[in-house]
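Novice: I'd like to ask you about the structure that follows.
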Amino acid sequence: MQKFFALTMGALWALIFICQADAQIRRADTRVLPLQQDDARQKWLNFKSSRTADCCMDFTIEHAPRRGESVEYSGTLFNLNDGATTLTRIFVEKAESGGDASAASLPAADILLINSPDGAQVWKFDGNGAVRLPKSEWLSPIMDGLIYSPFDLLVPYKSWEAKYAGPGRIGQAVHFFDLQAPEGFNLPGEDPDVKVGKVRVALTREFDTPAAAEVYSNFGRLLKTLTLASAKKIDGAWLAAKLELRDDITRSKDILRFTAAKMRPALPREIFSPESLGKRPKKPLLEEF
């Protein structure tokens, strides 16, 4: 495992090592020694400074409610580094109608994420053109029926103030970091007082890569949990093959499975402009998992 590509976008991270998908984050474990202050700071800086990989990947999302039948979605992710700016285009649509006319009529989601030193932008095609989403909408699902939101894809908490929370194990040795949320990350819902309070990230002891993340409200309630279920080696890089994002309030899950990938493709810059939204980009030849 000499080379790693990190897709540092929440649920779309290329999380490297396999851990148990249903593992709960344990708060401490004496078998993993705590880090000294300087070592903890360096570990977080290693993750914070990580870059994304140029790639194109096909994926499916199975939305599994606590009760009722699962619903399948499919999509494609395009990712490009343009200097210090990371550009990500995500296209998601309902996989099959299954005879459900209302489900078949769901519009596809076409999302553009722009992550630059000047700040992040989220654009979405609304059926007529590209619309820039305010931060107040970053926690809303990218598509009706899903849990994933722009917040989960952007990983804005990489830039938040980090506090080392100690060692632990979630199928492997990790170190926990707590990221306190700034003002402005309100949750969608009727209660304006409920906000994102913090995110707890577990970084692997050996490689400083994220193994899991938990999102908490400002009242300390666990809202979402992201875990890695399996990984796959593609073109010399270990990539996430299956990720689970759980809504810890409803107990529903979005199970994301990457099915094919092409690393380092020659992607045209113009497919990452807001004006291109609504037009499906052409994919390079992908290698199936």
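When we follow numbering that gives the first Met the number 0, the leftmost residue of the sequence shown carries the number 0, and every step to the right adds one. Where is the CB? At the ideal position from N, CA and C, for every residue including glycine. The structure presented is a predicted model; accordingly, all values stated were derived computationally and were not measured.
(1) Under three-state DSSP, which class holds N127?
(2) Report the rounded CA-to-CA distance for A129 versus S49, giving the unit in angstroms.
(3) From A180, Y163, E213 and K197, pick the residue whose C-alpha is nearest to that of L32; which is it?
(4) Using a 10 Å radius around the Cβ and a threshold of 16 neighbouring Cβ atoms, would you call P166 buried or exposed?
(5) Please report how far the alpha carbon of K42 lies from the alpha carbon of A52, in whole angstroms.
(6) Roughly how many angstroms separate the alpha carbons of G118 and F175, rounded to a whole number?
(7) Report all residues from its chain with a CB closer than 7 Å to the CB of D253; omit the five preceding and five following residues, and keep chain order.
(8) Is the distance from the Cβ of I141 to the Cβ of A108 below 8 Å?
(9) My understanding is that A210 touches Q179, with C-beta atoms under 8 Å, so please give their C-beta distance in whole angstroms.
(10) Would you mind sorting P155 into buried or exposed? The rule is 16 or more other CB atoms within 10 Å of its CB.
(11) Which residue comes first and which comes last in the beta strand (DSSP E) that contains Q179?
(12) Based on the DSSP output, what are the partners of D247 in its beta bridges?
(13) Hey, would you say L112 sits closer than 8 Å to T87, going by beta carbons?
(14) My output table needs one value for F77: the three-state DSSP class, helix, strand or coil.
Specialist: Walking through what the data contain:
(1) Walking along the sequence shown from the start, residue 127 turns up at place 128. Coil, per DSSP.
(2) For the purposes of this step, residue 129 is taken as the residue at position 130 of the sequence shown. For the purposes of this step, residue 49 is taken as the residue at position 50 of the sequence shown. It is roughly 29 Å from the alpha-carbon of A129 to the alpha-carbon of S49.
(3) By 1-based counting over the sequence shown, the position of residue 32 is 33. Comparing Cα-Cα distances from L32 to each of A180, Y163, E213 and K197, the minimum goes to Y163.
(4) Position 167 of the sequence shown holds residue 166. Buried, because 16 or more other Cβ atoms sit within 10 Å of the Cβ of P166.
(5) To locate residue 42, count along the sequence shown from 1; it is residue 43. To locate residue 52, count along the sequence shown from 1; it is residue 53. Their backbone Cα atoms lie some 20 Å apart in a straight line.
(6) Numbered from 1 along the sequence shown, position 119 holds the residue referred to as residue 118. Numbered from 1 along the sequence shown, position 176 holds the residue referred to as residue 175. Straight-line Cα distance between these residues: approximately 25 Å.
(7) By one-based count along the sequence shown, residue 253 stands at place 254. Counting only Cβ-Cβ distances below 7 Å, and skipping sequence neighbours, we find I60, H62, L145, I146, Y147 and L244.
(8) To locate residue 141, count along the sequence shown from 1; it is residue 142. To locate residue 108, count along the sequence shown from 1; it is residue 109. The answer is yes: Cβ separation under 8 Å.
(9) Taking the sequence shown and counting its residues from 1, one reaches residue 210 at position 211. Taking the sequence shown and counting its residues from 1, one reaches residue 179 at position 180. So it is not a contact: roughly 21 Å between Cβ atoms.
(10) Start at 1 with the first residue of the sequence shown, and residue 155 comes out as number 156. A residue is called buried once 16 or more other Cβ atoms fall within 10 Å of its Cβ, and P155 is buried on that count.
(11) Walking along the sequence shown from the start, residue 179 turns up at place 180. Residues A172 to Q179.
(12) For this step, residue 247 is matched to residue 248 along the sequence shown. None, per the DSSP bridge assignment.
(13) Stepping through the sequence shown from its first residue, residue 112 is reached at position 113. Stepping through the sequence shown from its first residue, residue 87 is reached at position 88. Cβ distance < 8 Å, so L112 and T87 count as in contact.
(14) Stepping through the sequence shown from its first residue, residue 77 is reached at position 78. If DSSP states are grouped into helix, strand and coil, F77 belongs with the strands.
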